[in-house]
Amino acid sequence: MKKHITIILLMAFTMLQAQEESEKWTSGRPDGHAPISVMGDHTHSKGEWMFSYRYMYMNMEDLNRGSENTSFEDALSKYMVTPTSMPMNMHMLGAMYAPSDRLTLMVMGNYLSSEMDHVTRMGGSFTTASSGFGDFKIAALYKLFNKNSAQLHANIGLSIPTGSIDEMDVTPASSPNEVILPYPMQIGSGTWDPSLGLTYLKQWDNLSFGTQAKATFRLGENDNDYSLGNEYSLNTWGAFKANDWLSFSGRLKWGAIEKIEGANPMLNPMMVITADTANSGMTYAEAGLGFNLYAFEGSLKNLRLGFEASMPLYQNMNGIQLRNKETLTIGLQYSL
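Here it is in structure tokens:
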């Protein structure tokens with residue numbers, strides 16, 4: 000009799016453990032990762048690795064004064080030169096490793112290339128370009144809880160100033176010599192930038208939800224006597240799991256970027272709007288739609304392809320700045 004009771008108790012304990020495991024949030028489904036544009040959205044189990052590649056295309060075109068569209072003629076009434084567009088391409092390589100079930104470590108490097116088209120008050124036009132490896136980022140993600148199909152984890156990161164802040168190119172006024180390019184065309188921040196974040200995730204049978212609050216702080220001034228503005232954001236997304244290998248997502252983001260502090264003494268703020276720090280910083284909102292493809296079995300198991308396209312909903316800029324347009328992000332993630 001005691002033997003039977005022991006067996007029943009062991010079976011009940013095993014079933015309870017299995018139920019608790021099934022109630023945990025899991026990354027092993029197509030919507031187990033956030034939209035591909037969101038970083039630090041998930042953690043891993045002890046001993047697990049993940050490698051990722053992302054490509055992002057962001058386009059800026061035309062001008063805003065505050066939250067309203069404005070003309071190039073308006074900008075040229077005060078400045079000698081105004082940009083008209085700036086497409087940017089970014090390639091990002093990342094790796095994650097979990098030394099324990101609670102702690103996941105993350106590193107990320109990127110390569111950026113940008114072009115900026117300009118028109119002058121005299122009716123001329125020209126283009127400048129910059130490219131190079133950006134700032135290197137490291138982070139630690141700490142799981143606070145994972146139960147009832149929900150997870151909360153904290154994110155502590157640091158951006159290391161490996162990207163150039165001395166990018167130069169030839170302009171009509173400087174030809175044949177190169178001159179320092181304005182702030183948006185520089186590759187890095189030039190400062191050590193810590194970041195803090197908190198991410199909440201929740202799953203149901205075919206739906207999932209996530210929200211992430213994040214802040215990035217600039218420490219001190221860089222070698223060119225300025226610091227980029229602190230950044231704050233709140234990302235919220237929902238996803239529908241169509242089947243075991245496909246999910247669709249929608250995302251809303253609110254963000255704020257503070258003005259540049261200080262000024263590069265090699266830049267003339269009266270020449271072009273991007274050299275005037277009064278034309279920096281903004282608050283904005285954007286919306287994105289995307290999908291995740293997930294290999295849940297076979298030789299490609301745990302390989303994930305993500306895509307997202309996003310557009311601005313609202314932009315309120317300090318001074319006159321290029322207006323954000325479409326952003327496209329595609330990426331591959333592989334766990335082992």
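Each residue of the sequence shown is one higher than the last, beginning at 0 in numbering that gives the first Met the number 0. Glycine is no exception: its CB is placed at the ideal position from the N, C-alpha and C atoms. Keep in mind it's a predicted model, so treat the numbers as computed, not measured.
Between the alpha carbons of residue i and residue j, how many angstroms are there, rounded?
| i | j | result |
| --- | --- | --- |
| residue 312 | residue 247 | 20 Å |
| residue 298 | residue 219 | 49 Å |
| residue 58 | residue 217 | 25 Å |
| residue 197 | residue 33 | 14 Å |
| residue 26 | residue 288 | 20 Å |
| residue 252 | residue 282 | 11 Å |
| residue 29 | residue 83 | 39 Å |
| residue 265 | residue 294 | 52 Å |
| residue 296 | residue 273 | 50 Å |
| residue 270 | residue 118 | 12 Å |
| residue 202 | residue 173 | 57 Å |
| residue 171 | residue 307 | 38 Å |
| residue 76 | residue 89 | 33 Å |
| residue 68 | residue 40 | 34 Å |
| residue 48 | residue 94 | 7 Å |
| residue 335 | residue 99 | 15 Å |
| residue 330 | residue 35 | 6 Å |
| residue 92 | residue 85 | 23 Å |
| residue 70 | residue 291 | 39 Å |
| residue 122 | residue 133 | 34 Å |
| residue 268 | residue 275 | 4 Å |
| residue 326 | residue 60 | 12 Å |
| residue 328 | residue 161 | 23 Å |
| residue 315 | residue 182 | 19 Å |
| residue 169 | residue 250 | 40 Å |
Thinking C-beta only, is residue j closer than 7 Å to residue i?
| i | j | result |
| --- | --- | --- |
| residue 154 | residue 322 | no |
| residue 102 | residue 96 | no |
| residue 164 | residue 223 | yes |
| residue 120 | residue 79 | yes |
| residue 277 | residue 318 | yes |
| residue 190 | residue 221 | yes |
| residue 208 | residue 237 | yes |
| residue 158 | residue 192 | yes |
| residue 37 | residue 234 | yes |
| residue 199 | residue 215 | no |
| residue 167 | residue 177 | yes |
| residue 112 | residue 124 | no |
Check residue i in the structure and name its three-state DSSP category.
| i | result |
| --- | --- |
| residue 313 | strand |
| residue 274 | helix |
| residue 131 | strand |
| residue 281 | strand |
| residue 307 | strand |
| residue 295 | coil |
| residue 325 | strand |
| residue 146 | strand |
| residue 252 | strand |
| residue 244 | coil |
| residue 236 | strand |
| residue 22 | coil |
| residue 259 | coil |
| residue 334 | strand |
| residue 319 | strand |
Go through the segment 167–220 residue by residue and report every complete run of the alpha helix (DSSP H) that reaches 4 residues or more, in order. none
Enumerated in chain order, which unbroken segments of the beta strand (DSSP E) with a length of 3 residues or greater are wholly contained in the segment 81–128? 102–119
Should the segment 242–256 be regarded as contacting the segment 44–59, the criterion being three or more beta carbon pairs within less than 8 Å? no
Would you say the segment 253–268 touches the segment 225–235, given that touching needs at least three Cβ pairs under 8 Å? yes
3 or more residues per run - each beta strand (DSSP E) lying fully within the segment 29–84: 48–64, 67–69
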